[in-house]
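For what it's worth, this note's numbering labels the leading residue of the sequence shown as 11, then goes sequentially. Using N, Cα and C, we set each Cβ at its ideal position, and we do this for glycine too. Have a look at the structure below before the remarks.
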Amino acid sequence: MYVRKRGQFWHYEFFVNGKRYSGSFNGKDGSSIAGDKKEARELAFKERRKVLDGTYRDGAEREELKRFSAFVDKVFLPFARENHSSSDHDEFRCEMLKEHFNDKGFDEITVMTVVRFINQRLDSETVRKRVLEDGSAVSCKRSPTTVNKEVTLLSSIFRMAMREKVATSNPCDELPKSVRGKIPARRKRSRRLSSEEEKALFGKGLVGRREHLRPVSEVALCTGMRKGELFRLRRQDLNFGHVTFTRVIKGEVWEVRPGWLLIEESKNGRPRVIPMSRRVRDILRRLCEDVTTGEYVFRSIRTGERINDIKKGFVSACGLAGISNLTFHDLRHTWSSRAAEMGVPEHVRRDILGHSPNSMTGDYTHASPEEMERAMELVASYDGRGFSGLGKISAKRKAAADPQSAAAS
Numbered sequence: 011m012y013v014r015k016r017g018q019f020w021h022y023e024f025f026v027n028g029k030r031y032s033g034s035f036n037g038k039d040g041s042s043i044a045g046d047k048k049e050a051r052e053l054a055f056k057e058r059r060k061v062l063d064g065t066y067r068d069g070a071e072r073e074e075l076k077r078f079s080a081f082v083d084k085v086f087l088p089f090a091r092e093n094h095s096s097s098d099h100d101e102f103r104c105e106m107l108k109e110h111f112n113d114k115g116f117d118e119i120t121v122m123t124v125v126r127f128i129n130q131r132l133d134s135e136t137v138r139k140r141v142l143e144d145g146s147a148v149s150c151k152r153s154p155t156t157v158n159k160e161v162t163l164l165s166s167i168f169r170m171a172m173r174e175k176v177a178t179s180n181p182c183d184e185l186p187k188s189v190r191g192k193i194p195a196r197r198k199r200s201r202r203l204s205s206e207e208e209k210a211l212f213g214k215g216l217v218g219r220r221e222h223l224r225p226v227s228e229v230a231l232c233t234g235m236r237k238g239e240l241f242r243l244r245r246q247d248l249n250f251g252h253v254t255f256t257r258v259i260k261g262e263v264w265e266v267r268p269g270w271l272l273i274e275e276s277k278n279g280r281p282r283v284i285p286m287s288r289r290v291r292d293i294l295r296r297l298c299e300d301v302t303t304g305e306y307v308f309r310s311i312r313t314g315e316r317i318n319d320i321k322k323g324f325v326s327a328c329g330l331a332g333i334s335n336l337t338f339h340d341l342r343h344t345w346s347s348r349a350a351e352m353g354v355p356e357h358v359r360r361d362i363l364g365h366s367p368n369s370m371t372g373d374y375t376h377a378s379p380e381e382m383e384r385a386m387e388l389v390a391s392y393d394g395r396g397f398s399g400l401g402k403i404s405a406k407r408k409a410a411a412d413p414q415s416a417a418a419s
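Spelled out as structure tokens, the structure:
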């Protein structure tokens, strides 16, 4: 490797595996400007490290990556597939962004270009129809929250392009407040299922043609699990036995105690284990004993494979039960609300629901297995009478919850 000064700027040249690499530190295309020979050598070593790491961009490639679509395909999406837990969402949103911005260069996408994009997306209709309470489907305008997610992704692409020195600014950072106000991050819901609605849902809604949705809805209500976590639940994730089993996930060992289940893939990227109440254990055991049940606990009655979504069926069931404005995810809200109402401490609810701590104290506070088991039994037996307290479970109650485990112990 050598560096030398030609005129005003320092130039470098080196070879890796017989291939020559050269350039100059002239401040163009986001490159640095070397002040002296020592600094030029340090910068040249950094360029060589980029070659060894596979992140070096020569002149022709750098020019190509200044095009939005090329950068998304060659840099952003490969990174997302390897490092993002929800890369599927990145994939289909990137396709839409590429289609909209076509083959524009990063320098051609201005603040007003993004403003027009936002307004067009807000005026467009979704492919998915909105299901009314009577079961009919109607077209609807795209949600502002959805557009917010698309703009957030666009901003992430620009930030990465700036780090790679193929973009000089991020127009998403300069959006006017009036435009930002059109696309709020999300509207927090405060909906929960009441005791009366629960009776109506399971007594009038989840019956007949929709009875196959009853088990997954009941387990969601009694565990607070997310929809995707339930749909991905496999028979091998459930421990109905009397011996703890272990599972290695990404090099980390997870223990699944008797009467517990493993959630291998969660929203925050970390697995977790939670106890099953007697009510949940009975439901899941019946499903697993069914000869038609395959690898996944909850299967589609049409395909026999794992369920992908139940939105239409669940909304229809709510309509039959006379329940409005209730989503499947609200069952998770209901579990947490009932747990709080019955005196379950926040750190226990957090560990069961799979939320991340929001403080250093939270990082150091963990629920014990016994606390989690008591919380699950409390919420499963919720009757709407309020505070119960998280006291110890007596031997009599424990035996009633699981006679087989009590006999074995």
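inquiry  = Spatial neighbours of S97 within its chain, please: C-beta separation below 7 Å, excluding the five flanking residues on both sides.
reply    = Locating residue 97 in the sequence shown gives position 87, where the first residue counts as 1. In its chain, beyond the 5 residues on either side, A90, R91 have a beta carbon closer than 7 Å to the beta carbon of S97.
task = May I have a chain-ordered list of the alpha helix (DSSP H) segments no shorter than 4 residues that lie completely inside the stretch 288 to 360?
result = With a minimum length of 4 residues, the unbroken runs of alpha helix (DSSP H) contained wholly in the stretch 288 to 360 fall at 288 to 299, 321 to 330, 340 to 351.
inquiry  = Quick test of your reading: I317 and F308, contact by CB under 8 Å. State the CB separation rounded to the nearest angstrom.
reply    = Walking along the sequence shown from the start, residue 317 turns up at place 307. Walking along the sequence shown from the start, residue 308 turns up at place 298. The pair is a contact, with the Cβ atoms about 5 Å apart (cut-off 8 Å).
query = In angstroms, rounded to a whole number, what distance separates the CA positions of E118 and I333?
reply = As a working mapping, residue 118 is identified with position 108 in the sequence shown. As a working mapping, residue 333 is identified with position 323 in the sequence shown. Spanning the two alpha carbons is a distance of roughly 49 Å.
message = According to DSSP, is F250 part of a helix, a strand, or is it coil?
response = Here residue 250 corresponds to residue number 240 of the sequence shown, with the count starting at 1. Correct three-state label for F250: coil.
message = Buried or exposed, going by whether 16 or more other CB atoms sit within 10 Å of the CB of C232?
response = On the sequence shown, position 222 is the one that residue 232 refers to. Label assigned to C232: buried.
request  = Please state whether DSSP places I167 in a helix, a strand or coil.
outcome  = The sequence position of residue 167 within the sequence shown is 157, counting from 1. For I167, the secondary structure class from DSSP, reduced to helix, strand or coil, is helix.
query = For A331, which residues of its own chain have a beta-carbon under 6 Å away from its beta-carbon, when the five flanking residues on both sides are left out?
reply = In the sequence shown, the residue the question calls residue 331 occupies position 321. Annotation for A331: A210, L211, K214, G215 place their beta carbon closer than 6 Å to its own, counting only its chain and skipping 5 residues before and after.
request  = With DSSP as the reference, label G191 as helix, strand or coil.
outcome  = Locating residue 191 in the sequence shown gives position 181, counting from the first residue. The answer is coil: DSSP assigns G191 none of H, G, I, E or B.
ask   = Can you name the start and end residues of the beta strand (DSSP E) that V283 belongs to?
value = Stepping through the sequence shown from its first residue, residue 283 is reached at position 273. In the DSSP assignment, V283 falls within the unbroken beta strand (DSSP E) covering 282 to 285.
query = Sorted by chain position, which residues of the same chain lie with C-beta nearer than 8 Å to R280's C-beta, five sequence neighbours on each side aside?
reply = Translated into the one-based positions of the sequence shown, residue 280 becomes position 270. Only G364 meet the Cβ criterion.
query = Can you list the beta strand (DSSP E) stretches of 3 or more residues lying completely in the stretch 68 to 95, in chain order?
reply = The DSSP assignment places no complete run of the beta strand (DSSP E) inside the stretch 68 to 95 (cut-off: 3 residues).
task = Assuming R289 contacts A385 (C-beta within less than 8 Å), just tell me the rounded distance between them.
result = By 1-based counting over the sequence shown, the position of residue 289 is 279. By 1-based counting over the sequence shown, the position of residue 385 is 375. The beta carbons of R289 and A385 sit about 13 Å from each other, so the pair does not count as a contact at 8 Å.
task = Mark T256 as exposed unless 16 or more other C-beta atoms lie within 10 angstroms of its C-beta, in which case mark it buried.
result = The residue you call residue 256 lines up with position 246 of the sequence shown. The residue is exposed, with fewer than 16 neighbouring Cβ atoms inside 10 Å.
ask   = Is the shortest distance between the beta-carbon of R245 and the beta-carbons of chain D less than 8 Å?
value = You won't find chain D in this structure, because it holds only one protein chain.
query = Do P181 and V124 have their C-beta atoms within less than 8 Å of each other?
reply = The residue you call residue 181 lines up with position 171 of the sequence shown. The residue you call residue 124 lines up with position 114 of the sequence shown. Yes, the Cβ-Cβ distance between P181 and V124 is below 8 Å.
request  = Have a look at T344 and L107 and give me their C-alpha separation to the nearest angstrom.
outcome  = Sequence index remark: in the sequence shown, residue 344 carries index 334 (1-based). Sequence index remark: in the sequence shown, residue 107 carries index 97 (1-based). Taking the straight line from one Cα to the other gives about 36 Å.
Status (buried if at least 16 other CB within 10 Å, exposed otherwise) for P88 = Here residue 88 refers to the residue found at position 78 of the sequence shown. Residue environment analysis places P88 among the exposed positions, since fewer than 16 neighbouring C-beta atoms fall within 10 angstroms of its C-beta.
request  = Please report the residue range of the beta strand (DSSP E) in which L240 lies.
outcome  = One-based indexing of the sequence shown puts residue 240 at position 230. For L240, no beta strand (DSSP E) segment is defined; the enclosing uninterrupted segment is the alpha helix (DSSP H) at 237 to 241.
query = If you check the beta carbons only, do R201 and T155 fall under 8 Å apart?
reply = On the sequence shown, position 191 is the one that residue 201 refers to. On the sequence shown, position 145 is the one that residue 155 refers to. For R201 and T155, no; Cβs fall outside 8 Å.
message = Excluding the 5 residues flanking R295 on each side, which residues of the same chain have their C-beta closer than 7 Å to its C-beta?
response = Position 285 of the sequence shown, counted from the first residue, corresponds to residue 295. For R295, where only same-chain residues beyond five positions count, the Cβ hits under 7 Å are F250.
Where the beta strand (DSSP E) through F24 begins and ends = Taking the first residue of the sequence shown as 1, we reach residue 24 at position 14. Taken as a continuous stretch (DSSP letters only), the beta strand (DSSP E) holding F24 covers 19 to 26.
task = May I have the straight-line CA-CA distance separating F55 from G269, to the nearest angstrom?
result = Here the question's residue 55 lines up with position 45 in the sequence shown. Here the question's residue 269 lines up with position 259 in the sequence shown. About 57 Å.
task = In the DSSP assignment, find the beta strand (DSSP E) that holds T256 and state where it starts and stops.
result = Within the sequence shown, numbered from 1, the residue matching residue 256 stands at position 246. Note, T256: beta strand (DSSP E), 255 to 259.
inquiry  = Need the endpoints of the alpha helix (DSSP H) that L272 sits in, please.
reply    = If you number the sequence shown from 1, residue 272 lands on position 262. Where L272 is concerned, there is no enclosing alpha helix (DSSP H), although the beta strand (DSSP E) it sits in stretches over 270 to 273.
inquiry  = What does the alpha-carbon distance come out to for the pair R242 and R51?
reply    = Locating residue 242 in the sequence shown gives position 232, where the first residue counts as 1. Locating residue 51 in the sequence shown gives position 41, where the first residue counts as 1. CA-to-CA, the gap between R242 and R51 works out to about 53 Å.
query = What distance in whole Å lies between the Cβ atoms of D361 and H376, which are believed to be in contact at a cut-off of 8 Å?
reply = By one-based count along the sequence shown, residue 376 stands at place 366. By one-based count along the sequence shown, residue 361 stands at place 351. That belief holds up - the Cβ atoms of H376 and D361 are roughly 7 Å apart, short of 8 Å.
Between the CA atoms of Y31 and T337 - distance to the nearest angstrom = Position 327 of the sequence shown holds residue 337. Position 21 of the sequence shown holds residue 31. If you draw a straight line from the Cα of T337 to the Cα of Y31, it is about 57 Å long.
ask   = Smallest Cα separation from H94: which of E174, N278, L223, S204?
value = Looking up residue 94 in the sequence shown gives position 84. The shortest C-alpha to C-alpha distance from H94 to any of E174, N278, L223, S204 is the one to N278.
key: Residue burial classification, E275 (beta-carbon count within 10 angstroms, cutoff 16)   = Counting from 1 along the sequence shown, the entry for residue 275 is found at position 265. Counting other Cβ atoms within 10 Å of its Cβ, E275 stays below 16 and is therefore classed as exposed.
query = Among D319, S41, H110, which has the Cα closest to the Cα of L223?
reply = One-based indexing of the sequence shown puts residue 223 at position 213. For the residues D319, S41, H110, the minimum Cα distance to L223 belongs to D319.
query = Which stretch, first to last residue, makes up the beta strand (DSSP E) that contains K29?
reply = Numbered from 1 along the sequence shown, position 19 holds the residue referred to as residue 29. For K29, the uninterrupted beta strand (DSSP E) run begins and ends at 29 to 35, by DSSP.
message = Does R59 come out as helix, strand or coil in the three-state DSSP assignment?
response = For the purposes of this step, residue 59 is taken as the residue at position 49 of the sequence shown. DSSP places R59 in helix when its eight states are reduced to three.
task = Report whether the distance from the Cβ of K151 to the nearest heavy atom of the ligand GDP is below 7 Å.
result = Questions concerning the ligand GDP fall outside what the structure shown contains, since it holds no ligand whatsoever.
query = Going by Cα to Cα distance, which pick from T302, D247, E305 is closest to V283?
reply = Taking the sequence shown and counting its residues from 1, one reaches residue 283 at position 273. Measuring from the Cα of V283, the nearest candidate turns out to be D247.
ask   = Between which two residues does the beta strand (DSSP E) harbouring E135 extend?
value = Sequence index remark: in the sequence shown, residue 135 carries index 125 (1-based). Run containing E135: none; DSSP gives neither H nor E here.
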